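Q:
Protein chains in written order, with the numbering used here: chain A, -12 to 181; chain B, -12 to 181; chain C, -12 to 181; chain D, -12 to 181; chain E, -12 to 181; chain F, -12 to 181.
1. Only counting the same chain, and skipping five residues up and downstream in sequence, which positions put a Cβ closer than 6 Å to that of residue 4 of chain E?
2. Going by beta-carbon coordinates alone, are residue 123 of chain D and residue 27 of chain D separated by less than 8 Å?
3. Within 10 angstroms of the Cβ of residue 97 of chain F, are there 16 or more other Cβ atoms? Answer buried if so, exposed if not.
4. Between which two residues does the alpha helix (DSSP H) carrying residue 75 of chain B extend?
5. Measuring only the C-alpha atoms, how far is residue 45 of chain D from residue 111 of chain D?
6. Quick check on this structure: which residue in B/59, B/72, B/29 and B/20 has the alpha carbon closest to the alpha carbon of residue 70 of chain C?
7. I'd like to confirm the pairing. Which residues does DSSP put opposite residue 9 of chain B in its beta bridges?
8. Between residue 181 of chain E and residue 147 of chain E, which are expected to be in contact by the criterion C-beta below 8 Å, what is the C-beta distance as a whole number of angstroms?
9. With DSSP collapsed to three states, give me the class of residue 99 of chain B.
10. Look at the alpha carbon of residue 107 of chain E and the alpha carbon of residue 55 of chain E, and state the distance between them as a whole number of angstroms.
11. Let me know if residue 151 of chain E comes out buried or exposed under the rule of 16 or more other beta-carbons within 10 Å of its beta-carbon.
12. Taking just the CA atoms, how far does residue 114 of chain C sit from residue 170 of chain A?
13. Counting contacts by CB-CB distance shorter than 8 Å, is residue 135 of chain E in contact with chain A?
14. Going by beta carbon distance, what residues of the same chain come within less than 7 Å of residue 118 of chain C, once the five residues before and after it are set aside?
15. Starting from residue 129 of chain C, find everything on chain A with Cβ-Cβ shorter than 7 Å and list it in chain order.
16. Please list, in chain order, all residues of the same chain as residue 79 of chain E whose beta carbon is under 7 Å from its beta carbon, the five residues on each side excluded.
17. Any contact of the region 8 to 21 of chain C with the region 127 to 145 of chain C, i.e. 3+ C-beta pairs under 8 Å?
18. Assuming residue 88 of chain B contacts residue 165 of chain A (C-beta within less than 8 Å), just tell me the rounded distance between them.
19. In its own chain, which residues sit with a C-beta less than 6 Å from the C-beta of residue 57 of chain F, not counting the 5 before and 5 after it?
20. Answer yes or no: do residue 64 of chain E and residue 8 of chain E have a C-beta to C-beta separation smaller than 8 Å?
21. Relative to chain A, which residues along the region 54 to 84 of chain F have a C-beta separation below 9 Å, given in chain order?
22. Quick one: is residue 14 of chain D near chain E, going by C-beta distance under 8 Å?
23. Distance cutoff 8 Å, beta carbons only. Does residue 142 of chain E sit that close to anything in chain F?
24. Could you compute how far the alpha carbon of residue 157 of chain A sits from the alpha carbon of residue -8 of chain B?
25. Can you look up residue 109 of chain E in the DSSP assignment and give me helix, strand or coil?
26. Does the separation of the CB atoms of residue 21 of chain B and residue 30 of chain B fall below 8 Å?
27. Determine the contact status of residue 121 of chain B and residue 72 of chain F, defining contact as a CB-CB distance below 8 Å.
28. Look at the alpha carbon of residue 43 of chain B and the alpha carbon of residue 116 of chain A, and state the distance between them as a whole number of angstroms.
29. Tell me which residue opens and which closes the alpha helix (DSSP H) that residue -2 of chain C is part of.
30. Measure the C-alpha to C-alpha separation of residue 77 of chain F and residue -1 of chain F and round it to an integer number of angstroms.
31. Does any residue of chain B have a CB that is nearer than 8 Å to the CB of residue 10 of chain D?
32. Decide if residue 173 of chain A is buried, meaning its Cβ has at least 16 other Cβ atoms within 10 Å, or exposed.
33. Grab me the residues of residue 32 of chain C's own chain with a C-beta within less than 6 Å of its C-beta, minus the 5 sequence neighbours each way, in chain order.
34. In chain E, which residues lie less than 7 Å from residue 0 of chain F when you measure between Cβ atoms?
35. Going along the chain, which residues of its own chain have a beta-carbon closer than 6 Å to the beta-carbon of residue 1 of chain D, five neighbours each way excluded?
36. If you run the structure through DSSP and keep just helix, strand and coil, what is residue 134 of chain B?
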């Protein structure tokens, strides 16, 4: 039991590293204080549930896949597109299997199932979660553009081109036309101060 | 449709603010570059699934509750314990209802259901997610201590005292005895370089 | 005496928290590394003395009011406009009264007097200090715009609209036409290196 | 008038640079994200008013002197003690005179008077403000120590040795014995949540 | 021997301060998280070797001069152009002589020779290294402009005007026409992922 | 010519990315605002010249090798030890050959020669530069420890164990016994202010 608990605690400390690793693409783009992998993963999970709900898939399942979709990066780091020309990475499904060694079966099972399903790119929820990953990047690229960067357009273009569901494509088109802070101003107009 | 999509995009931009808001407790503690609310929420969801799996509850449901457990803080900010003596906040369930106005029913429904269940503190998954919120704080307090801070003990104590499940209590005890980087060193010993 | 000194030291440590709390509006706007409340309060005090001097009021008094105008935010944090729809805050004058409990009367008195006068919005110095608060925000919004942000216009507009003295209005108009670094270039042209 | 307003705006933009310049001593000490000169100046003004109130001097005057005590550093930067062996600086009173050229007489006068009085080191308020500068540094050194640094003791020692008023010495002794966050915990114990 | 080693270690710790001191010009320009002096010195050395190779001078010698060209700033800090009107600095050659006191002769010699040669501005390698210093600043100004700042043009202009070699002038012209990230996109097009 | 200049500019922009990429090991260790690869490379070059001078090798050559020793990481990123179990990287000599395509022969030649020599680990200067890489890491680990981290010991141990020259071993022993700021205090005692 103590050994099993130690493995779970190790796993939770390991996943905490996603808070400290910054998304490498934004470092290359010169963003000051870029988001962490955990930051990205959190909104990706929210977006996955949104796309799934709108596509008639299971929002909770899609969010769960998204939650772990970059969890291997505690060990592989976030290799940018450029780096993939110089680095050959172990498959994510294999990395996950090593990460969950020693965890209680019930826990190891749900995680490896989620990663396997995401990497297989077949189930509707995997498709929604993958689109969420790209749409999240697109939203963030727009936000960084509005915060000043003149170098985020390639991230917008690449993300847009890789979307596959109608819902994600429509949301992307809408996102490109709305300001990231319109929700603030709209809310303030609709509701008085207490 | 366009109006509905605009609402969804607004909601996704709104949730993105959780990446920018820092956890206020750590600001008070004097942590340099503290984690974001999204950082915290991401690992909380992971921990919720772990506790749920070990407690015989539904890991995916617990993670989903955790994903949205601080989602109201885009509007209310992260009020520290001290601030709760000077600020009276609207109930989270009510804030969520305003956040989802105009969203497709399928999406609004899963979110309000999750928030209602979390706030009701009754279902096993809500109990696991709430323990996850506290255990996440405890792990982060230990990590900040190891990174230098001499002021995180109150966060350890408060988190520890509020845990309710046996699993979370055991994991907390284990976490207090293990170093946050032991997983790195253990992995390196077990596996050779490619 | 020891108890009294402990209260003073506690108060000085408490006010130091204003260095760590970032101005929430800029966090929402997506500014990287935004200014602290102390940063803002310092220039607000300088501006208050400038407006007062030009309006025929007491510059020193206006600066003193400005120095403490956000001092309650150690306990209430800096609630953004959006948050005021969801949070009901204790009056600043009341928060200040709790902050100064146990301080020597001479010190407690000058602070509560200053806060009461500022909150009453009636004396010329209070009017100047309040305009200074808004003008400071406007200058900072322009500076962040020049540093890259495309999202500061609402802060310019709101600040501008709330100015009441002729001096502050004129300075704001001038500020909108001058670059924030013109003083550097002008000084360099006028004065040779040693 | 326009020319005069331009000068005032230039001066306010210039003073805003104190928000961006970090205190050089803390950079040398290796503090991550050290405070700005404006951060330091703000609490120095608060402390000056406290010492003055307790020493029977004019709190408002002492605060005003403190407000501008490092205002020349927009042009001279914050030269560390080490640097003073290699750099010969223009007198602060002279720098201030150049900074206020073109400002309305009423404004230029109050600022040069304050700087002259502070630099003369004679009036009770100047003495209190100078002690405030040192006591502020001591408090910050303690805070950085509690946040992790093992290198702040020289700043504590130097600050302590240069204090001159009984009040400042007593507060320093008290500060060395109290934790910087005790005020948080004490307040939470004394007051229930709303 | 122990004393000599202590001096070498002190020197290496001293040079490490160049990692913590930020380039002051960028602080004035309002760049968030500006580069360190070491960051600048590193690319300056690379550029010096490039200019020297293209000008028929010794690339290795030029790089070595560049490596130490700002090494005195551990003691003098990075005084901005504006500050040079208010601060009279000890000559760099003299600062270096104090820095190397107690170092082994072989080490002290190569460093003082390099600094003397750089400051004399006569050898082809010194000329290349000085142009590298300016060209590095120009490249960084362009990069910060692309990352959002609207205030870097004066740094571009000043750097450009002070270049002396044909190679540096040509590279500067080319740099002004190319995007800082074109190399990323070009490389990705030319080479497939592994 | 224009094409050749474009290649040189691309190369200089590419090397500038080393300022933005943080050293991954320190991210894992939880250091706030860790040094960049350029920061590390700069002091490594300084240390290489010091070790070489003391070992009777060519200081300038050793520094030149060190300057480029991590230059491939613009494309491969800084893979931590843990990651090397999951990522197979292209050889540095091969990455360099791709980086210098299109550069003038004189420039491409000096860079590929330097990288080949460093990677061959045979020449005295390569040996000194490699020890410098490790000693730099050891000094930085000590500095981060003094700045608060309790997690840098593994970096000290690993660096120490991999040193090969007597000089580097002696300097490491000395470094472990001296404080990183002793040079500041020593200098201040020896030299009066101007």
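Glycine included, C-beta positions come from ideal geometry on N, C-alpha and C.
In this text the structure is predicted, and so the values were computed from the model without any measurement.
A: Quick look at the numbers:
1. The answer, listed in chain order, is 61.
2. Cβ distance < 8 Å, so residue 123 of chain D and residue 27 of chain D count as in contact.
3. By the Cβ-count criterion, residue 97 of chain F is buried, with 16 or more other Cβ atoms from all chains shown falling within 10 Å of its own Cβ.
4. Per DSSP, residue 75 of chain B belongs to no alpha helix (DSSP H); it is in the beta strand (DSSP E), 74 to 76.
5. So the alpha carbons of these two residues sit roughly 8 Å apart.
6. The residue with the shortest Cα to Cα distance from residue 70 of chain C is B/59.
7. Partner(s): B/23.
8. Their Cβ separation, rounded to whole angstroms, is 41 Å, which puts residue 181 of chain E and residue 147 of chain E out of contact at 8 Å.
9. Note: residue 99 of chain B maps to helix in three-state DSSP.
10. Rounded to whole angstroms, residue 107 of chain E to residue 55 of chain E spans 14 Å at the Cα level.
11. It is exposed - the Cβ of residue 151 of chain E has fewer than 16 other Cβ atoms within 10 Å.
12. About 32 Å.
13. At least one C-beta of chain A is nearer than 8 Å to the C-beta of residue 135 of chain E.
14. If we look at residue 118 of chain C and ignore the five residues flanking it on each side, its Cβ neighbours are 38, 150, 151, 152 and 155.
15. In chain order: nothing, as chain A lies at least about 14 Å away.
16. Once the five neighbours on either side are set aside, the close Cβ partners of residue 79 of chain E are 59, 102 and 106.
17. Verdict: yes, contact present.
18. That pair is no contact at about 16 Å.
19. So the qualifying residues of the chain are 24 and 28.
20. In this structure, residue 64 of chain E sits near residue 8 of chain E, with a CB-CB distance shorter than 8 Å.
21. Cβ contacts with chain A come from 59, 61, 62, 63, 64, 65, 66, 67, 69, 70, 72, 73, 74, 75, 76, 77, 81 and 82.
22. Contact with chain E is found for residue 14 of chain D, since one of that chain's Cβ atoms lies less than 8 Å from the residue's Cβ.
23. No, its Cβ sits nowhere closer than 8 Å to a Cβ of chain F.
24. Computed Cα separation, rounded: 7 Å.
25. DSSP places residue 109 of chain E in coil when its eight states are reduced to three.
26. Cβ distance not < 8 Å, so residue 21 of chain B and residue 30 of chain B don't count as in contact.
27. Against a cut-off of 8 Å, the Cβ pair of residue 72 of chain F and residue 121 of chain B comes out as no contact.
28. About 26 Å.
29. That run of the alpha helix (DSSP H) goes -11 to 3.
30. For residue 77 of chain F and residue -1 of chain F, the distance between alpha carbons rounds to 22 Å.
31. Judged by the 8 Å Cβ criterion, residue 10 of chain D is not in contact with chain B.
32. Flag for residue 173 of chain A reads exposed.
33. Within the same chain, residue 32 of chain C has close Cβ partners 50, 53 and 54.
34. Those within 7 Å of residue 0 of chain F in chain E are 126, 167 and 170.
35. Correct list, in chain order: 61.
36. Residue 134 of chain B: coil per DSSP, three-state reduction.
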